[in-house]
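Chemist: In order, the protein sequence lines correspond to chains A and B. Heads up, the first sequence is in numbering that gives the first Met the number 0, so the first residue is 0 and it goes up one at a time. Heads up, the second sequence is in numbering that gives the first Met the number 0, so the first residue is 0 and it goes up one at a time. Virtual Cβ for every residue (Gly too), placed ideally from N, Cα, C. Just so we're clear, the structure is a prediction, and the values are computed from it rather than from any experiment. Just dropping this structure here.
Number of protein chains: 2
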Amino acid sequence: MLIQNTSSSLADTLRHRRQKLASLINFPAILWSGSSNPRNFPANRFPFRASSNFLYFAGLPLQNAVMRLEGGKLELFIDDPQPGSALWHGEMPTREEIAQKMGADGARPMAELELWVENAATIAVQDAATWTQQSQLLNRWVLPQNPPQGIDLELTKAIASLRLVHDEEALIELRKAAAVSVEAHIAGMAATPNARREAEVRAAMEGVIIAHNMTTAYNSIVTVHGEVLHNEQYHHYLQPGDLLLADVGAETGMGWAADITRTWPVSGKFSSTQRDIYNVVLAAHDACIAKIYPGVEYREIHLLAANVIAEGLVDLGILQGNPQDLVEIDAHALFFPHGIGHLLGLDVHDMEDLGDLAGYEEGRKRSDRFGLGYLRLNRPLRPGMLVTIEPGFYQVPAILNDPQLRSKYQNVVNWERLSEFSDVRGIRIEDDVLVTETGSEVLTAALPNHANTIEDLVGC
Amino acid sequence: MLIQNTSSSLADTLRHRRQKLASLINFPAILWSGSSNPRNFPANRFPFRASSNFLYFAGLPLQNAVMRLEGGKLELFIDDPQPGSALWHGEMPTREEIAQKMGADGARPMAELELWVENAATIAVQDAATWTQQSQLLNRWVLPQNPPQGIDLELTKAIASLRLVHDEEALIELRKAAAVSVEAHIAGMAATPNARREAEVRAAMEGVIIAHNMTTAYNSIVTVHGEVLHNEQYHHYLQPGDLLLADVGAETGMGWAADITRTWPVSGKFSSTQRDIYNVVLAAHDACIAKIYPGVEYREIHLLAANVIAEGLVDLGILQGNPQDLVEIDAHALFFPHGIGHLLGLDVHDMEDLGDLAGYEEGRKRSDRFGLGYLRLNRPLRPGMLVTIEPGFYQVPAILNDPQLRSKYQNVVNWERLSEFSDVRGIRIEDDVLVTETGSEVLTAALPNHANTIEDLVGC
Numbered sequence: 000m001l002i003q004n005t006s007s008s009l010a011d012t013l014r015h016r017r018q019k020l021a022s023l024i025n026f027p028a029i030l031w032s033g034s035s036n037p038r039n040f041p042a043n044r045f046p047f048r049a050s051s052n053f054l055y056f057a058g059l060p061l062q063n064a065v066m067r068l069e070g071g072k073l074e075l076f077i078d079d080p081q082p083g084s085a086l087w088h089g090e091m092p093t094r095e096e097i098a099q100k101m102g103a104d105g106a107r108p109m110a111e112l113e114l115w116v117e118n119a120a121t122i123a124v125q126d127a128a129t130w131t132q133q134s135q136l137l138n139r140w141v142l143p144q145n146p147p148q149g150i151d152l153e154l155t156k157a158i159a160s161l162r163l164v165h166d167e168e169a170l171i172e173l174r175k176a177a178a179v180s181v182e183a184h185i186a187g188m189a190a191t192p193n194a195r196r197e198a199e200v201r202a203a204m205e206g207v208i209i210a211h212n213m214t215t216a217y218n219s220i221v222t223v224h225g226e227v228l229h230n231e232q233y234h235h236y237l238q239p240g241d242l243l244l245a246d247v248g249a250e251t252g253m254g255w256a257a258d259i260t261r262t263w264p265v266s267g268k269f270s271s272t273q274r275d276i277y278n279v280v281l282a283a284h285d286a287c288i289a290k291i292y293p294g295v296e297y298r299e300i301h302l303l304a305a306n307v308i309a310e311g312l313v314d315l316g317i318l319q320g321n322p323q324d325l326v327e328i329d330a331h332a333l334f335f336p337h338g339i340g341h342l343l344g345l346d347v348h349d350m351e352d353l354g355d356l357a358g359y360e361e362g363r364k365r366s367d368r369f370g371l372g373y374l375r376l377n378r379p380l381r382p383g384m385l386v387t388i389e390p391g392f393y394q395v396p397a398i399l400n401d402p403q404l405r406s407k408y409q410n411v412v413n414w415e416r417l418s419e420f421s422d423v424r425g426i427r428i429e430d431d432v433l434v435t436e437t438g439s440e441v442l443t444a445a446l447p448n449h450a451n452t453i454e455d456l457v458g459c
Numbered sequence: 000m001l002i003q004n005t006s007s008s009l010a011d012t013l014r015h016r017r018q019k020l021a022s023l024i025n026f027p028a029i030l031w032s033g034s035s036n037p038r039n040f041p042a043n044r045f046p047f048r049a050s051s052n053f054l055y056f057a058g059l060p061l062q063n064a065v066m067r068l069e070g071g072k073l074e075l076f077i078d079d080p081q082p083g084s085a086l087w088h089g090e091m092p093t094r095e096e097i098a099q100k101m102g103a104d105g106a107r108p109m110a111e112l113e114l115w116v117e118n119a120a121t122i123a124v125q126d127a128a129t130w131t132q133q134s135q136l137l138n139r140w141v142l143p144q145n146p147p148q149g150i151d152l153e154l155t156k157a158i159a160s161l162r163l164v165h166d167e168e169a170l171i172e173l174r175k176a177a178a179v180s181v182e183a184h185i186a187g188m189a190a191t192p193n194a195r196r197e198a199e200v201r202a203a204m205e206g207v208i209i210a211h212n213m214t215t216a217y218n219s220i221v222t223v224h225g226e227v228l229h230n231e232q233y234h235h236y237l238q239p240g241d242l243l244l245a246d247v248g249a250e251t252g253m254g255w256a257a258d259i260t261r262t263w264p265v266s267g268k269f270s271s272t273q274r275d276i277y278n279v280v281l282a283a284h285d286a287c288i289a290k291i292y293p294g295v296e297y298r299e300i301h302l303l304a305a306n307v308i309a310e311g312l313v314d315l316g317i318l319q320g321n322p323q324d325l326v327e328i329d330a331h332a333l334f335f336p337h338g339i340g341h342l343l344g345l346d347v348h349d350m351e352d353l354g355d356l357a358g359y360e361e362g363r364k365r366s367d368r369f370g371l372g373y374l375r376l377n378r379p380l381r382p383g384m385l386v387t388i389e390p391g392f393y394q395v396p397a398i399l400n401d402p403q404l405r406s407k408y409q410n411v412v413n414w415e416r417l418s419e420f421s422d423v424r425g426i427r428i429e430d431d432v433l434v435t436e437t438g439s440e441v442l443t444a445a446l447p448n449h450a451n452t453i454e455d456l457v458g459c
């Protein structure tokens with residue numbers, strides 16, 4: 000556990016967040032930080048990641064800690080280090096020192112928590128040791144997979160409404176995560192000419208993140224098989240004609256994330272087919288960002304991407320028909336089967352542990368349309384919201400070889416023309432876009448995305 | 000999940016391991032592979048690490064898989080990929096394909112497992128989702144923190160006896176892990192002159208491991224505060240007079256680990272006090288390795304290290320008295336408070352999930368002596384055992400400032416002389432040593448450990 004440089008402006012921000020919560024609920028809330036998970040034996044553990052809902056109000060990644068919030072007051076529950084722990088872990092701050100850093104109003108040993116749980120709401124954390132403790136102390140099932148009910152639901156909605164709009168301290172952290180992620184991508188491009196395998200490019204990228212004393216916000220995707228959307232393998236050898244798709248983002252020590260994807264040619268030169276499709280994806284990316292301003296429905300941004308991609312694929316002769324009609328029958332989703340993006344904050348899919356409570360405006364549900372069902376965000380945009388914009392083009396065998404889809408879209412796809420683009424398996428371009436009062440700001444804008452500039456950065 | 004290049008010699012080895020187990024127990028054994036843990040939301044998970052006891056017999060890091068072993072026969076239980084998973088994860092091998100790679104005698108969906116559990120022994124895995132499933136299916140508590148009983152204990156002892164002695168396939172993997180770890184340490188030394196913070200050296204080291212498509216076997220220690228034995232912070236700036244202690248090891252895709260520590264001067268030059276203590280630790284290291292041969296008690300190796308360190312500290316005027324007498328009163332443990340090493344294999348502390356069942360010969364228990372209690376291994380050495388040898392010298396404030404210890408050892412420590420060594424906070428030198436028929440082989444011998452050579456590798 001690292002406690003250092005907690006700025007007074009952070010302490011003020013944390014107090015402000017707690018006061019805002021107090022204005023939204025009239026019952027106590029108890030938030031657990033969680034504990035680390037053992038890897039292959041109890042003393043060899045995965046790195047600790049505090050629950051985001053705890054971090055948002057606590058600011059410190061404390062293990063095995065609990066905070067009770069009521070009326071803007073914070074009571075911290077945490078045990079002092081065990082006697083003897085100083086031998087292995089060094090001198091740790093005491094409960095009182097931690098409480099002071101957080102601006103807590105009180106600090107108590109964990110054993111006292113049971114006296115403070117009455118009528119309190121909570122949110123389930125992810126690790127089983129902790130949600131078991133939550134369930135026992137609150138005397139009801141608190142399970143991460145169960146939708147919250149009653150006051151837990153009220154608390155969840157209140158926290159989601161706060162975390163949807165980022166304050167200045169959050170943005171400071173989010174910008175740091177973005178800057179390091181930009182540097183990681185530039186390092187990945189530069190490392191490609193001398194890399195034999197995907198793993199070597201991944202090493203160059205994650206090396207930058209580790210060197211900044213940050214962690215990856217999610218398991219990196221660094222692959223010549225971008226058509227496998229959640230590819231977490233890194234063993235393929237790089238071939239000169241391959242495109243390398245890298246979806247890599249950093250997370251700051253306080254837990255704030257970035258999420259960037261770039262796709263570049265291993266050889267340093269896009270083929271003409273690769274460049275054509277790349278430019279379609281980039282056109283969608285640019286069109287979407289240009290349309291981001293307060294009040295716009297994120298769903299419309301998604302449909303705009305679908306339209307630009309459909310239009311581009313019609314221009315290339317891959318799709319046949321009127322682009323808008325094609326989008327209406329979800330033909331774009333043959334090649335762009337996921338949503339245009341998602342919320343970004345403390346989590347890379349921000350607040351996805353709350354189900355669709357954060358991503359979907361109250362009363363809205365997921366569409367059952369092939370081209371809309373994977374949309375993770377369906378709300379009107381508001382200043383302070385941070386979203387990803389990540390259009391893509393993929394030739395996913397599971398889609399393109401699906402007999403039902405193939406027959407449904409038989410006449411709108413020019414399959415012969417498509418076969419000329421076989422060196423384009425997967426392209427995605429993803430940036431992190433902050434909604435501002437007057438439009439948007441791309442937090443990851445320092446990372447080039449034009450084909451020519453990308454080629455220069457790979458620079459063979 | 001990655002399934003490739005399962006060599007036929009591996010399949011033979013796996014079959015051989017299963018047959019050996021069959022010769023030791025006369026009841027069925029069911030081993031679970033485990034599942035990954037969610038990080039901050041369900042879709043964002045920590046990397047999967049299969050249970051080592053499963054890996055030993057299965058060879059493949061399968062998620063959510065179970066194997067039933069009886070009379071040398073293997074029945075695999077695993078579900079085929081969900082429909083639709085190919086979109087996100089690509090085409091996955093089918094149950095039958097996986098079973099074939101493993102040389103399984105049968106393969107069934109997970110739902111059938113409940114028909115096969117009668118009278119079966121098991122070993123608890125680390126993740127709660129899986130040990131809950133183990134407990135439910137076997138209708139008894141199977142908890143990682145509970146010592147095994149009855150046939151579970153018999154199974155545990157049988158597996159420990161097999162895993163204690165490494166076969167050729169295991170050694171192939173262990174040598175790979177060692178080679179990559181050696182490369183990582185050399186990269187760390189080379190990166191030090193241009194590094195500002197510990198994190199940058201860590202990045203250089205872990206970058207090598209990631210580039211080889213391996214993972215770290217444990218959370219790296221890369222610190223200028225080596226006196227904090229389990230230091231997992233990387234934020235300190237490097238100062239010219241600092242020693243940097245790096246305890247970093249790789250783990251192969253099949254789960255086999257290496258574990259290496261080196262300590263080097265940030266400036267590229269040891270001070271004379273640093274060099275003096277370094278040479279005491281190195282003398283202990285070399286003396287221990289020279290004494291490793293079949294039949295020797297590992298406890299004697301530990302006591303040898305204690306003696307060499309005590310002798311060296313007497314020579315330097317830090318301790319006063321007869322070295323053997325000093326060891327008998329545990330005076331060495333003021334500066335060398337941990338054990339000389341541990342078993343190494345699929346786990347960095349091999350089989351520590353089994354408590355002391357693997358580390359301690361039947362009938363032996365941990366000592367309550369200050370200088371022996373942390374010894375993780377207390378057995379006579381046998382050919383095929385792999386152990387670490389890792390003597391160290393630390394000035395741990397929690398020990399040296401402890402009033403009781405300080406008064407007990409008042410007259411054997413020359414505190415004034417000790418104060419001249421204040422630039423030596425922590426030194427450890429650790430290698431991985433295989434017991435052979437005729438002595439030992441240092442698997443990590445390619446990494447230099449002499450002070451002058453270390454200085455050359457840092458090379459300022």
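With 8 Å as the threshold, decide whether the Cβ of N118 of chain B is near any Cβ in chain A.
Modeler: What you label residue 118 of chain B is simply residue 119 of the second sequence in a count that begins at 1. By this cut-off, N118 of chain B is not an interface position.
Chemist: How big is the Cα-Cα spacing for M384 of chain A and V434 of chain A?
Modeler: Here residue 384 of chain A refers to the residue found at position 385 of the first sequence. Here residue 434 of chain A refers to the residue found at position 435 of the first sequence. Distance between the alpha carbons of M384 of chain A and V434 of chain A is about 5 Å.
Chemist: Below 8 Å between beta carbons: does that hold for Y373 of chain A and P336 of chain A?
Modeler: Against the first sequence, residue 373 of chain A aligns to sequence position 374. Against the first sequence, residue 336 of chain A aligns to sequence position 337. Closer than 8 Å, so yes.
Chemist: Across which residues does DSSP place K72 of chain A in a beta bridge pair?
Modeler: Here the question's residue 72 of chain A lines up with position 73 in the first sequence. The partner list for K72 of chain A (beta bridge, DSSP) reads A:E69.
Chemist: For N321 of chain A, count neighbouring C-beta atoms within 10 Å of its own C-beta (all shown protein chains included) and say buried if the count is 16 or more, exposed if not.
Modeler: In the first sequence, residue 321 of chain A corresponds to position 322, counting from 1. It is exposed - the Cβ of N321 of chain A has fewer than 16 other Cβ atoms within 10 Å.
Chemist: Against chain B, with Cβ distances strictly below 8 Å, would P402 of chain A count as a contact?
Modeler: Indexing the first sequence from 1 puts residue 402 of chain A at position 403. It does not: the Cβ of P402 of chain A has no partner Cβ on chain B nearer than 8 Å.
Chemist: Determine, using beta carbons only, whether D352 of chain A comes closer than 8 Å to chain E.
Modeler: No chain E is part of this structure, whose protein chains are labelled A and B.
Chemist: In angstroms with no decimal places, state the Cα-to-Cα distance between A176 of chain A and A304 of chain A.
Modeler: For the purposes of this step, residue 176 of chain A is taken as residue 177 along the first sequence, with counting starting at 1. For the purposes of this step, residue 304 of chain A is taken as residue 305 along the first sequence, with counting starting at 1. Rounded to whole angstroms, A176 of chain A to A304 of chain A spans 26 Å at the Cα level.
Chemist: Counting only beta-carbon separations shorter than 8 Å, does S32 of chain B have a partner in chain A?
Modeler: For the purposes of this step, residue 32 of chain B is taken as residue 33 along the second sequence, with counting starting at 1. Chain A, which has no Cβ nearer than 8 Å to the Cβ of S32 of chain B, makes this no.
Chemist: Let me know the secondary structure DSSP gives L237 of chain A once reduced to three states.
Modeler: Here residue 237 of chain A is taken as the residue at index 238 of the first sequence, counted from 1. Of the three classes helix, strand and coil, the one that applies to L237 of chain A here is coil, per DSSP.
Chemist: For the beta strand (DSSP E) holding I507 of chain B, just list the boundary residues, first then last.
Modeler: With chain B covering 0 to 459 only, the question about residue 507 of chain B has no answer from this structure.
Chemist: Could you check if L114 of chain B is buried or exposed, using at least 16 other CB atoms within 10 Å of its CB as the buried criterion?
Modeler: For the purposes of this step, residue 114 of chain B is identified with residue 115 of the second sequence, where counting begins at 1. L114 of chain B should be labelled exposed.
Chemist: Tell me the DSSP secondary structure of P146 of chain A in three-state form.
Modeler: Taking the first sequence and counting its residues from 1, the one referred to as residue 146 of chain A is at position 147. Three-state DSSP puts P146 of chain A in coil, outside helix and strand.
Chemist: Do G467 of chain B and V457 of chain B have their C-beta atoms within less than 8 Å of each other?
Modeler: Any property of residue 467 of chain B remains undetermined from this structure, which presents chain B solely from 0 to 459.
Chemist: In angstroms with no decimal places, state the Cα-to-Cα distance between T222 of chain B and P60 of chain A.
Modeler: Along the second sequence, read from residue 1 onward, the residue named residue 222 of chain B stands at position 223. Along the first sequence, read from residue 1 onward, the residue named residue 60 of chain A stands at position 61. Each residue's Cα considered, the two are about 20 Å apart.
Chemist: Do you know whose CA, among A:L302, A:A256 and A:D329, lies nearest L442 of chain A's CA?
Modeler: Locating residue 442 of chain A in the first sequence gives position 443, counting from the first residue. The shortest C-alpha separation from L442 of chain A is found at A:A256.
Chemist: Measuring alpha carbon to alpha carbon, tell me which of A:L173, A:E351, A:F56 and A:R261 ends up nearest V200 of chain A.
Modeler: What you label residue 200 of chain A is simply residue 201 of the first sequence in a count that begins at 1. The shortest C-alpha separation from V200 of chain A is found at A:R261.
Chemist: Does DSSP classify W130 of chain B as helix, strand or coil?
Modeler: For the purposes of this step, residue 130 of chain B is taken as the residue at position 131 of the second sequence. Of the three classes helix, strand and coil, the one that applies to W130 of chain B here is helix, per DSSP.
Chemist: Residues bridged to A106 of chain A by DSSP?
Modeler: In the first sequence, residue 106 of chain A corresponds to position 107, counting from 1. A106 of chain A is bridged to A:L75.
Chemist: Taking a contact to mean a Cβ-Cβ separation below 8 Å, would you say H184 of chain B touches V247 of chain B in this structure?
Modeler: As a position in the second sequence, residue 184 of chain B is number 185, starting the count at 1. As a position in the second sequence, residue 247 of chain B is number 248, starting the count at 1. Taking 8 Å as the Cβ cut-off, H184 of chain B and V247 of chain B qualify as a contacting pair.
Chemist: In the stretch 221 to 237 of chain B, which residues sit with their C-beta less than 9 Å from some C-beta in chain A, listed in chain order?
Modeler: H224, E226, V227, L228, H229, N230, E231, Q232, Y233 and H234
Chemist: Show which residues of chain B have a CB atom less than 7 Å away from the CB atom of V395 of chain A.
Modeler: Taking the first sequence and counting its residues from 1, the one referred to as residue 395 of chain A is at position 396. Those are L86, listed as they occur along chain B.
Chemist: Could you check if Q18 of chain B is buried or exposed, using at least 16 other CB atoms within 10 Å of its CB as the buried criterion?
Modeler: Translated into positions along the second sequence, residue 18 of chain B becomes position 19. Its Cβ having fewer than 16 others within 10 Å, Q18 of chain B is exposed.
Chemist: Enumerate in chain order the residues of its own chain whose CB-to-CB distance from L376 of chain B is below 6 Å, with the five nearest sequence positions on each side excluded.
Modeler: Here the question's residue 376 of chain B lines up with position 377 in the second sequence. Answer for L376 of chain B: Y297, H341, L342 and G358, listed in chain order.
Chemist: Pop quiz: V65 of chain A and F56 of chain A are said to be a contact at Cβ under 8 Å. What is the actual Cβ separation, rounded to whole angstroms?
Modeler: On the first sequence, position 66 is the one that residue 65 of chain A refers to. On the first sequence, position 57 is the one that residue 56 of chain A refers to. At roughly 12 Å, the Cβ-Cβ gap does not stay under 8 Å, so V65 of chain A and F56 of chain A are not in contact.
Chemist: Measuring alpha carbon to alpha carbon, tell me which of A:A445, A:P402, A:V395 and A:H449 ends up nearest G425 of chain A.
Modeler: Taking the first sequence and counting its residues from 1, the one referred to as residue 425 of chain A is at position 426. Taking only the C-alpha atoms, the option nearest G425 of chain A is A:V395.
Chemist: Taking the CB atoms as reference points, tell me whether F392 of chain A and V280 of chain A lie closer together than 8 Å.
Modeler: Walking along the first sequence from the start, residue 392 of chain A turns up at place 393. Walking along the first sequence from the start, residue 280 of chain A turns up at place 281. Yes, these two residues count as a Cβ contact at 8 Å.
Chemist: Looking at the strands, I want to know which residues DSSP matches up with E440 of chain B.
Modeler: Sequence index remark: in the second sequence, residue 440 of chain B carries index 441 (1-based). Partner(s): B:L433.
Chemist: By DSSP, does V280 of chain A sit in helix, in strand, or in coil?
Modeler: For the purposes of this step, residue 280 of chain A is identified with residue 281 of the first sequence, where counting begins at 1. DSSP places V280 of chain A in helix when its eight states are reduced to three.
Chemist: Nearest-angstrom Cα distance between P146 of chain B and D367 of chain A?
Modeler: Here residue 146 of chain B corresponds to residue number 147 of the second sequence, with the count starting at 1. Here residue 367 of chain A corresponds to residue number 368 of the first sequence, with the count starting at 1. Answer to the nearest angstrom: the Cα atoms are 50 Å apart.
Chemist: Which residues of chain A have a Cβ atom closer than 8 Å to the Cβ of D346 of chain B, listed in chain order?
Modeler: The sequence position of residue 346 of chain B within the second sequence is 347, counting from 1. Taking a Cβ-Cβ threshold of 8 Å, the residues of chain A close to D346 of chain B are N39, F40 and N43, in chain order.
Chemist: If you drop the 5 nearest sequence neighbours on each side, which residues of the same chain put their C-beta closer than 7 Å to that of G316 of chain A?
Modeler: Sequence index remark: in the first sequence, residue 316 of chain A carries index 317 (1-based). Correct list, in chain order: N413 and R416.
Chemist: Can you tell me the Cα-Cα spacing of T214 of chain A and Q232 of chain B, whole angstroms?
Modeler: For the purposes of this step, residue 214 of chain A is taken as the residue at position 215 of the first sequence. For the purposes of this step, residue 232 of chain B is taken as the residue at position 233 of the second sequence. Cα to Cα, T214 of chain A sits roughly 12 Å from Q232 of chain B.
Chemist: Name the two residues that bound the continuous beta strand (DSSP E) containing P264 of chain A.
Modeler: Looking up residue 264 of chain A in the first sequence gives position 265. I259 to P264 is the extent of the beta strand (DSSP E) around P264 of chain A.
Chemist: Under 8 Å, Cβ to Cβ, is there at least one residue of chain A near L1 of chain B?
Modeler: On the second sequence, residue 1 of chain B is found 2 positions in, with the first residue counted as 1. Low local confidence applies: a pLDDT of 43 at L1 of chain B is under 50, so the model's placement there is unreliable, with the coordinate-based value given in what follows. For L1 of chain B, the answer is yes, since a Cβ of chain A falls inside 8 Å of its Cβ.
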